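So the sequence lines, in the order shown, correspond to chains H and L. If you read the first sequence in the working numbering, its first letter stands for residue 1, the second for the next number, and so on. If you read the second sequence in the working numbering, its first letter stands for residue 1001, the second for the next number, and so on. Where a beta carbon is used, it is the ideal one built from N, C-alpha and C, also for glycine. All figures in this text were calculated on a predicted structure; none of them were measured in a lab. Below: one structure, written as structure tokens.
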Amino acid sequence: MSNIDINAHNNVTSVLLCGVGGQGVLVASDILIDVAMNSGYDVKKSEVHGMAQRGGSVVSQVRFGDKIYSPLIGQGSADILLAFEKMETLRYLEYLKNDGIIIYNDQQITPLSVYFSDIEYPENILEQCKQKSQHVTSLDAIHVAENLGNPRVLNSIMLGALSNHLSFDKETWLDVVSRRVPKKTIDINRNAFSEGRKLSH
Amino acid sequence: MSKAMLSGNEAIARGFYEAGGTFAAAYPGTPSTEILENIGTYAEIKAQWAPNEKVALEVSAGAALGGVRSLAAMKHVGLNVAADPFFSLSYQGVNAGIVIISADDPAMHSSQNEQDNRWFAKAAKVAMLEPSDSQEAKDFVVLGLKLSEEFDTPVLLRTTTRINHSKSIVNFGERVEIDRKKYVKNFSKNVLLPMNARKKHVLVEERLQKLMDYGYDCPFNRVEWGDRTIGIITSGISYQYAREAFPNASFLKLGLTNPLPFKLIEDFSSRVDRVFIIEELDPFLEEQIAAKGIKVSGKDKIPIMGELNTDIVTASFSDNGSKATNEMKKKPLPPRAPVLCPGCSHRGIFYVMKKLRLTVTGDIGCYTLAAIPPLETMDTCLCMGASIGYAHGIEKATDDELKGKLVGVIGDSTFLHSGITGLIDLVYNQGKTKICILDNHITAMTGHQEHPGTGLTLRREPTNSVDLEEICRAAGVKRVVRVDPYKIDETLAVFKEELAVEEPSVIIADAPCIIRARKRFSEPYYVDAETCIKCGMCHRVGCPAIEKDENGKTKINPLFCIGCDICRQVCKPGAIRKPEK
């Protein structure tokens, strides 16, 4: 397992989170930025809203370090790409630095456009990722979520997996997760986070 | 809580709260919508949705005149709607301060254009502030209200999507309670008759000069000295990109960008070897600065279209001299654009219009998504409320060529925003065109906000609900028909009947937004694979619940399907079935 060297390239660590509207990508990025801020870093994130109900592609770009100016991750600059849907991994692959870390949820959500164009849903996602980096992990996170009893805790599982590659305290993560999810779901989300940590280690 | 990660919109709301703001109004519009939504969470502030941005600004201006600090928020094209009060308010000035937010959208993440609203401030001769992150978004509201009162000017706070929707650390302050200023009748200030307005213009020009002098040394503008070979003049989010692209350069970071502090700009420029102007969209800074005789490099290198980022700025000034573009490389991946939700009430109506091969003038809302494949049933979309005028105009131009084949489509919120006058015009000028109002009882696309037809205020207090049918009849439309958009055959029959009649009619598709209603019509539908002949008709309604299995037969995803019945109605072989119970 590789850990991110926070002192590399101007002290900025960049994480790109992506997926499909409704999967909880933005909530996950809200948790990540709170963890980074509570750990003492300057943080910025950018996102485009509105896709939750409408199934569009969602991306959130998070940057943290000593001092952050731009809220956008440049091409080839992301340290980690965290994808909640497998095709979306490829859509944002060019943002990843060479040999960066790729973690994706092995779930397919077919966009409508597949039925009206000649462009097919890609088959060889793992292979394409490996061309970019050797640090690729495909997780069966959606099934873990379903086994825990609620597919909506997918985002906590993904954050758990992500947490293995960042140097924030586990307690800081759990604390923020607890404060950011609906009260009735605190326990299941904390479990989900821990399961995610076990999945990718 | 002393600090938090806030979006620019949340920060603006917080700043208004801390500044003792007391009244705010807006109409939803990405990327500004969350400003009023967040302001509404502060009990001390009166916050309300207006039917459109013109009204929002008029009411806020009235509140400022009445003596309380006020705010109006809108997206860039919203300021087009509010332009009339905006320009004249510059002449009137204020009593308590007013800040007007224009949330621009470079790269058109969700807009019809990427107009650069900085020109509005210059044309209207008002003070303008441009924050570069969330902390400034908050601080500039606080300082901006003071500026508004001190200089007797409306203040335009101009943001862009990457400010409104990016989150960064914001330090909190306490709210100051401001005493309400007295309202005093002032004929020569507040009544813009020519005799008064002529004198006000003189004051407007003097005010500009005072603001220009103020800008030389004010909290909004600052110089950051670095290497003197390159001096960069920049504002807004562009500052952040420029700072990363040129970490060692000297910077003149402008926060007060109308009027420009020319003396400061000249001083700065004389102390560096070369001046770069790094700004998104139009050469707003560049043209004015170059006109002063300062030699600058700007749009000769930086793109005039789309949004910037650090890579583009770096590439623009790279030695190979190539002008960078922000064209993303073409990806061979299936696009994943937003689509109408499973169960959306718009789907059936557009299917009917598609079947009838109608020319459809469209408007702005979730239903604009019906323009893309597979429905592809919208010919035009210009601006809020234009569908009705467009339909009427096309009818007048084409005489009988499109008789019985033309319909204008508009949502309920859009209709109340600026469709009523179009309908009045259609009847008054003897048009015959059919209009279809898609009444889903909410302003949906921007995130489900209340409007004057929903019966609830911003804070969900019950209130009067405008009767759309009555408005149509009062405008003189005699044929107003309601349809259930989930019943295709009935809706088709109504359309045919109305299209055959040579007088105006309004068809109201009446069904609440499926997300808002949190409704499930039935358990998920299913497909009998043996009966499915793979004709593809069901896919043509564009529902994300309708998929294909490995054999190409239709399969319905039970996670998405809510049983709206549209696909079953279009399935001729009867392969799509409603579950028994």
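Legend entry - Nearest neighbour of H/Met158, chosen from H/Val43, H/Ser194, H/Leu126 [CA to CA]: Taking only the C-alpha atoms, the option nearest H/Met158 is H/Ser194.
Inset, instruction - Confirm the yes/no value for this check: CB of L/Thr1229, any heavy atom of the ligand NAD, distance under 6 Å. - result: With respect to the ligand NAD, the structure shown offers nothing to examine, as it has no ligands at all.
Legend entry - chain L contacts made by the region 33-67 of chain H, where a contact means CB separation under 7 Å: Legend: CB atoms of the region 33-67 of chain H lying less than 7 Å from CB atoms of chain L belong to residues Ile33, Asp34, Met37, Asp42, Val43, Lys44, Lys45, Ser46, Glu47, Val48, His49, Gly50, Met51, Gln53, Arg54, Gly55, Gly56, Ser57.
Legend entry - Rounded separation between L/Leu1260 and L/Pro1462 - CA only: Using only the alpha carbons, I get a separation of about 46 Å.
Inset, instruction - Label L/Leu1559 either buried or exposed according to how many other C-beta atoms from any shown protein chain fall within 10 Å of its C-beta, with 16 as the threshold for buried. - result: L/Leu1559 should be labelled exposed.
Inset, instruction - Within its chain, find whatever has a CB closer than 8 Å to the CB of H/Gly100; leave out the 5 residues flanking it on each side and keep chain order. - result: Ala78, Asp79, Ile80, Leu81, Lys132, Ser133, His135
Inset, instruction - Could you check if L/Pro1582 is buried or exposed, using at least 16 other CB atoms within 10 Å of its CB as the buried criterion? - result: With chain L covering 1001 to 1581 only, the question about residue 1582 of chain L has no answer from this structure.
Legend entry - Rounded Cβ spacing between L/Asn1429 and H/Ser70 (contact assumed at less than 8 Å): With a contact defined as Cβ atoms closer than 8 Å, L/Asn1429 and H/Ser70 miss out at about 52 Å.
Legend entry - L/Leu1129 to L/Ala1043 span [Cα, whole Å]: 27 Å
Legend entry - Rounded separation between L/Ile1277 and L/Val1155 - CA only: Taking the straight line from one Cα to the other gives about 24 Å.
Inset, instruction - Report the neighbours of L/Val1169 on chain H: residues whose CB is nearer than 7 Å to its CB, in chain order. - result: For the sequence presented, residue 1169 of chain L should be read as Ile rather than Val. Here the neighbours are Met37, Asp42, Val43.
Legend entry - L/Asp1379, DSSP secondary structure in three states: Coil.
Inset, instruction - Please list, in chain order, all residues of the same chain as L/Ala1511 whose beta carbon is under 6 Å from its beta carbon, the five residues on each side excluded. - result: Ser1345, Pro1485
Inset, instruction - Kindly list, in the order they appear in chain H, the residues whose Cβ is closer than 7 Å to that of L/Tyr1241. - result: Ser70
Legend entry - L/Leu1147 versus L/Tyr1216 - alpha carbon distance: If you take the alpha carbons of L/Leu1147 and L/Tyr1216, they lie about 15 Å apart.
Inset, instruction - Please name the residue or residues paired with L/Leu1032 in a DSSP beta bridge. - result: First, the amino acid is wrong: residue 1032 of chain L is Ser here, not Leu. BP columns for L/Ser1032 are empty, so no partner.
Legend entry - Cβ contact (3+ pairs, closer than 8 Å) linking the region 1019-1028 of chain L and the region 1063-1074 of chain L: yes
Inset, instruction - Check the C-beta distance from L/Ser1465 over to L/Val1481 and give it rounded, since I have them as a contact under 8 Å. - result: At roughly 20 Å, the Cβ-Cβ gap does not stay under 8 Å, so L/Ser1465 and L/Val1481 are not in contact.
Legend entry - First through last residue of the beta strand (DSSP E) which encompasses L/Ser1269: Here L/Ser1269 belongs to no beta strand (DSSP E); instead the alpha helix (DSSP H) covers 1262-1270.
Inset, instruction - Let me know if L/Ser1002 comes out buried or exposed under the rule of 16 or more other beta-carbons within 10 Å of its beta-carbon. - result: exposed
Legend entry - Test: L/Glu1010 CB closer than 7 Å to a CB of chain H: no
Inset, instruction - Report yes or no: is there a C-beta of chain L within less than 7 Å of the C-beta of H/Tyr115? - result: Among the CB atoms of chain L, one or more fall inside 7 Å of the CB of H/Tyr115.
Legend entry - Opening and closing residue of the alpha helix (DSSP H) in which L/Phe1415 lies: Annotation for L/Phe1415: the continuous alpha helix (DSSP H) segment containing it runs 1412-1418.
Inset, instruction - Leaving out five residues on either side along the sequence, give the residues of the same chain with a beta carbon under 7 Å from the beta carbon of L/Asp1139. - result: Gly1015
Inset, instruction - Return the CA-CA distance between H/Ala141 and H/Asn147, expressed in angstroms with no decimal places. - result: About 10 Å.
Inset, instruction - Taking the CB atoms as reference points, tell me whether H/Gly139 and H/Ala161 lie closer together than 7 Å. - result: The sequence given here places Leu at residue 139 of chain H; Gly does not occur at that position. Yes. Within cutoff.
Inset, instruction - Would you check if there are 3 or more beta carbon pairs closer than 8 Å linking the region 1573-1581 of chain L to the region 1523-1530 of chain L? - result: Segment contact: the region 1573-1581 of chain L against the region 1523-1530 of chain L, three or more CB-CB distances shorter than 8 Å; contact assigned.
Legend entry - Other residues of its chain near L/Ser1235: CB distance less than 6 Å, five sequence neighbours each side excluded: Correct list, in chain order: Glu1130, Leu1254, Thr1257.
Inset, instruction - Enumerate, from N- to C-terminal direction, the unbroken alpha helix (DSSP H) stretches of 4 or more residues contained entirely within the region 1027-1095 of chain L. - result: 1033-1039, 1053-1066, 1076-1081, 1083-1092
Inset, instruction - Name the two residues that bound the continuous alpha helix (DSSP H) containing L/Lys1496. - result: From DSSP, the alpha helix (DSSP H) with L/Lys1496 extends over 1488-1499.
Inset, instruction - Decide if L/Asp1133 is buried, meaning its Cβ has at least 16 other Cβ atoms within 10 Å, or exposed. - result: buried
Legend entry - Entirely enclosed alpha helix (DSSP H) segments - the region 113-146 of chain H, minimum 4 residues: 125-132
Legend entry - Interface flag, H/Arg91 vs chain L, CB-CB below 7 Å: Yes, H/Arg91 lies at the interface with chain L (some Cβ there is under 7 Å from its Cβ).
Legend entry - CB contact below 7 Å: H/Asp175 versus chain L: no
Legend entry - Distance CB(H/Leu16)-CB(H/Gln61) smaller than 7 Å: Result yes, Cβ atoms of H/Leu16 and H/Gln61 sit closer than 7 Å.
Legend entry - L/Asp1227 classed as buried or exposed, judged by whether at least 16 other C-beta atoms fall within 10 angstroms: exposed
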